[in-house]
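Encoded as structure tokens, the structure appears first; notes follow it.
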Amino acid sequence: MRIAIVGAGLAGLSAARVLSDAGLEPVVFDKARGPGGRIVSKRTPYAGVDLGTQYFTARDGEFRAAVDDWREAGVLASWPVTPRVLPEGQPARAQARMVAVPRMSALARHMAEGLDVRCGVQVREITREASAWSIQDRHGDSLGTFDGVLLTAPAPQAQSLLAEPSPRLAARAVEAPMKPCWAAGLVLDEPLNLAFDAGFPSSGPLGWVARLGARPQRPQTPEIWTLHATDAWSEANIEWSEDAVGEYLTQAFAELTRRRPSVSDRFVHRWRFARSRRALAEPAGYLEHDQLLCAGDWVVDGRVEGAWRSGRAAARRLISLAAGRADPGAE
Numbered sequence: 350m351r352i353a354i355v356g357a358g359l360a361g362l363s364a365a366r367v368l369s370d371a372g373l374e375p376v377v378f379d380k381a382r383g384p385g386g387r388i389v390s391k392r393t394p395y396a397g398v399d400l401g402t403q404y405f406t407a408r409d410g411e412f413r414a415a416v417d418d419w420r421e422a423g424v425l426a427s428w429p430v431t432p433r434v435l436p437e438g439q440p441a442r443a444q445a446r447m448v449a450v451p452r453m454s455a456l457a458r459h460m461a462e463g464l465d466v467r468c469g470v471q472v473r474e475i476t477r478e479a480s481a482w483s484i485q486d487r488h489g490d491s492l493g494t495f496d497g498v499l500l501t502a503p504a505p506q507a508q509s510l511l512a513e514p515s516p517r518l519a520a521r522a523v524e525a526p527m528k529p530c531w532a533a534g535l536v537l538d539e540p541l542n543l544a545f546d547a548g549f550p551s552s553g554p555l556g557w558v559a560r561l562g563a564r565p566q567r568p569q570t571p572e573i574w575t576l577h578a579t580d581a582w583s584e585a586n587i588e589w590s591e592d593a594v595g596e597y598l599t600q601a602f603a604e605l606t607r608r609r610p611s612v613s614d615r616f617v618h619r620w621r622f623a624r625s626r627r628a629l630a631e632p633a634g635y636l637e638h639d640q641l642l643c644a645g646d647w648v649v650d651g652r653v654e655g656a657w658r659s660g661r662a663a664a665r666r667l668i669s670l671a672a673g674r675a676d677p678g679a680e
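Under this note's numbering, the final residue of the sequence shown carries the number 680; numbering is consecutive throughout.
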């Protein structure tokens, strides 16, 4: 049974691993240059700058077991930081935070090892042909036919792909809008010597700031700070240019820290679909219609762990469907 997975984020990669271990043939497509979705790092002359997901936590026992395996493999480490609420300075909620090492994208690349992951491929259309699914790329060229399809893209992107083959699933995706986020990485000429390494600003356009060198296995020099704008500011200014966003957020950082950072370089990225605004909290962990499934953080609870659990739940459903095809009396 051949399965197409659209999206090489944590949900897609976790599903592909379960399917591959069960003897099925998953093929993962992603329009980005590498796997990871929002768990990626921007390669720069200085270091891999984490502009996407900053850290994650583990609650579920199965996910904690996976975290232990990733630690053993050397691609995950605890981040013993206590973020501050800024500018007040009191500590934020205490919890065990984890990051991939030596950059966030390392986890996705580890998960993708041995899998058929095809990056730089944008899926444009999914159509039903007899008893199989046909997939075309953005040029209209065929990517093959598959027995099942799993969509793990953000809800708005999944919605556009689902509109023709499954209006019912497309309607569910509409129920899970997503929030944008402008992110910036500031490379400084000189360290600021601030009293905190990470924090949640309580007002203004910034929602998160963190010093890259405070994270495990990151370089200490030059000093690099990651800035995330708030959901509201990002949405209100979603069509600004990268230069304008970079200038504005740099000024906001200066006002927050009451310093004048000397910025030697700057990197800006727009996450149009950064976080789930209202996840579906689907009990099954996935959505399904005629061997066309959806999984991801927007299907479950909006967290990294939710994406991982959702992908695995969808994969197990596809395995049961494969068993039913082999033995029609099994279900």
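Here a beta-carbon is modelled for each residue, glycine too, at the ideal position from N, C-alpha and C.
Item, Value
"Decide if residue 570 is buried, meaning its Cβ has at least 16 other Cβ atoms within 10 Å, or exposed.", "exposed"
"Would you grab the beta carbon distance between residue 573 and residue 398 for me? Rounded to a whole angstrom, and I think it's under 8 Å.", "6 Å"
"Would the segment 361-379 and the segment 436-451 be scored as touching if the rule is three or more Cβ pairs under 8 Å?", "no"
"Go ahead and label residue 628 buried or exposed: buried means 16 or more other beta carbons lie within 10 angstroms of its beta carbon, across all protein chains shown.", "buried"
"Under 8 Å, do residue 549 and residue 556 count as touching if we go by C-beta distance?", "yes"
"Buried or exposed: where does residue 679 fall if 16 or more other Cβ atoms within 10 Å of its Cβ makes it buried?", "Note that residue 679 scores 45 on pLDDT, short of 50, meaning its location in the model is unreliable; the coordinates nonetheless yield the value given after this. Under this definition residue 679 is an exposed residue."
"Looking only at C-alpha atoms, which of 481, 608, 615, 384 sits nearest to residue 593?", "615"
"May I ask you to report which of helix, strand or coil DSSP gives residue 600?", "helix"
"What residue range does the alpha helix (DSSP H) around residue 521 cover?", "516-523"
"Does residue 370 come out as helix, strand or coil in the three-state DSSP assignment?", "helix"
"Compare the beta carbon distance of residue 408 and residue 428 with 8 Å and say whether it is the shorter of the two.", "no"
"Run the CB neighbour count on residue 646, radius 10 Å, all protein chains shown included, and call it buried at 16 or more, exposed below.", "buried"
"So, at 8 Å on beta carbons, what are the nonlocal neighbours of residue 543 in its own chain, with the 5 sequence-adjacent residues on each side left out?", "560, 606, 608"
"Identify whether residue 537 lies in helix, strand or coil by the three-state DSSP scheme.", "strand"
"Rounded to the nearest angstrom, what separates residue 563 and residue 448 at their Cα positions?", "11 Å"
"Considering only DSSP beta bridges, list what residue 554 is partnered with.", "DSSP, once it has assigned bridges, lists no residue as partnering residue 554."
"Is DSSP giving residue 460 helix, strand or coil here?", "helix"
"Quick one, which of 612, 499, 454, 518 has its alpha-carbon nearest residue 374's?", "499"
"Do the CB positions of residue 387 and residue 623 come within less than 8 Å of each other?", "yes"
"Measuring alpha carbon to alpha carbon, tell me which residue in 650, 651, 469, 551 is nearest residue 432.", "551"
"With a threshold of 6 Å on Cβ separation, who are the neighbours of residue 494 within its own chain once the five nearest residues in sequence on each side are excluded?", "481, 483"
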